[in-house]
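Novice: Quick one: structure below, then a few questions.
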Amino acid sequence: MTTATRTGILVGAVLALTWVVFGFWSFFFVGVAMAVGALIGRVVDGKLDVSNVVEAVRGKRTSS
């Protein structure tokens, strides 16, 4: 299995266990926290330029 596959399995397992043990809102919060952590990680690695994202959200730039 590839590293991405293993990571996906781990993320899915954490979210599923969170939902089963703590309920929907905890599941939702953990999912949002994981997404924010992933975004921060991409910024730190230099794989995501925040200024381009801000411009795209403002509508000043398109992805094409």
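Here my numbering is used: the sequence shown runs in plain steps of one and ends on residue 1332.
Even for Gly, the Cβ is constructed at its ideal location relative to N, Cα and C.
Tell me the residue span of the alpha helix (DSSP H) that contains Leu1316.
Specialist: Here Leu1316 belongs to no alpha helix (DSSP H), and DSSP marks it neither H nor E.
Novice: Helix, strand or coil for Thr1270 per DSSP?
Specialist: DSSP places Thr1270 in coil when its eight states are reduced to three.
Novice: Would you check if the distance between the CB atom of Gly1299 and the CB atom of Leu1283 is smaller than 9 Å?
Specialist: A contact, by the Cβ cut-off of 9 Å.
Novice: Please report the straight-line C-alpha distance between Lys1315 and Leu1278, rounded to a whole angstrom.
Specialist: Straight-line Cα distance between these residues: approximately 22 Å.
Novice: Helix or strand or just coil, what does DSSP make of Val1291?
Specialist: According to the sequence as given, residue 1291 is Gly; it is not Val. Reduced to three states, the DSSP call for Gly1291 is coil.
Novice: Please say whether Val1318 and Val1312 have beta carbons closer to each other than 9 Å?
Specialist: No.
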